[in-house]
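Scroll down for the structure; my scribbles are underneath it.
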Amino acid sequence: MLVSLLALLVGYLTAALVTARVGYGIERARIIELERDWHADEDPVERFRTQGQSVAASTAFLYGLAWPIVVPAYFFYRCAALVIMRRPPATPYERAARAERLDARIRELEESLGLRGRALDENGPLS
1095 MLVSLLALLV
1105 GYLTAALVTA
1115 RVGYGIERAR
1125 IIELERDWHA
1135 DEDPVERFRT
1145 QGQSVAASTA
1155 FLYGLAWPIV
1165 VPAYFFYRCA
1175 ALVIMRRPPA
1185 TPYERAARAE
1195 RLDARIRELE
1205 ESLGLRGRAL
1215 DENGPLS
């Protein structure tokens, strides 16, 4: 009984530390990226060390304590985001932009092959 309780506690703490470590890495990267955008004249890593490290560590600690909720929620979020954002239907603007790019590429290829200026119909060159 005591051994199984101890094993459960060790397992929980191990998972908490791993979750906190991963959470710290995610928060650190996010804060450094934001610092780079907000304060372009300063070193974002040094600014993180002086101002953002304690926030990232506190957030990671909370993630670690709540890992039974955080880990499944994070994986559910990643899967949901993958499904939701996976190849949405193209908007009219995107379709028009793609058609323009294709037309430009076709003109470029026709010019490189010397086909520009000849009479072409829908079925190909006229004989």
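Heads up: the sequence shown begins at 1095 in the working numbering, then just goes up one per residue.
Ideal Cβ positions, reconstructed from N, Cα and C, are used throughout, including at glycine.
- If you count every other CB in all the chains shown that lies within 10 Å of the CB of W1132, and 16 or more means buried, which is it? Taking the sequence shown and counting its residues from 1, the one referred to as residue 1132 is at position 38. Under this definition W1132 is an exposed residue.
- Item | Endpoints, the alpha helix (DSSP H) within which R1138 is located | The residue labelled residue 1138 in the question sits at position 44 within the sequence shown. Note on identity: in this sequence residue 1138 is Pro, with Arg being the wrong assignment. First-last of the alpha helix (DSSP H) with P1138: P1138 to R1141.
- Straight-line Cα distance separating R1195 from P1166: If you number the sequence shown from 1, residue 1166 lands on position 72. If you number the sequence shown from 1, residue 1195 lands on position 101. So the alpha carbons of these two residues sit roughly 42 Å apart.
- Task: Kindly indicate the opening and closing residues of the alpha helix (DSSP H) around A1160.
- Result: Within the sequence shown, residue 1160 is the residue found at index 66, counting from 1. Neither: A1160 is in no alpha helix (DSSP H) and is coded neither H nor E.
- Task: Label A1114 either buried or exposed according to how many other C-beta atoms from any shown protein chain fall within 10 Å of its C-beta, with 16 as the threshold for buried.
- Result: Residue mapping note: residue 1114 aligns to position 20 of the sequence shown, counting from 1. Buried, since its Cβ has 16 or more Cβ neighbours within 10 Å.
- Query: Going by alpha carbons, who is nearest to I1125 out of V1116, V1139, A1134 and V1112?
  - Reply: Here residue 1125 is taken as the residue at index 31 of the sequence shown, counted from 1. Ranking the options by Cα distance to I1125, first place goes to V1139.
- Item | Length of the line joining the Cα atoms of A1123 and L1156 | Position 29 of the sequence shown holds residue 1123. Position 62 of the sequence shown holds residue 1156. A1123 and L1156: Cα-Cα distance of roughly 17 Å.
- What do you reckon, is the C-beta of A1193 under 8 Å from a heavy atom of the ligand COA? Judged by which ligands are present, the structure shown has none, so any question about the ligand COA falls away.
- Taking the CB atoms as reference points, tell me whether E1127 and A1150 lie closer together than 9 Å. By 1-based counting over the sequence shown, the position of residue 1127 is 33. By 1-based counting over the sequence shown, the position of residue 1150 is 56. Here E1127 is not near A1150, since their CB atoms are 9 Å or more apart.
- Task: Give me the Cα-Cα distance between S1148 and V1164, rounded to the nearest whole angstrom.
- Result: Here residue 1148 refers to the residue found at position 54 of the sequence shown. Here residue 1164 refers to the residue found at position 70 of the sequence shown. C-alpha separation (whole angstroms): 20 Å.
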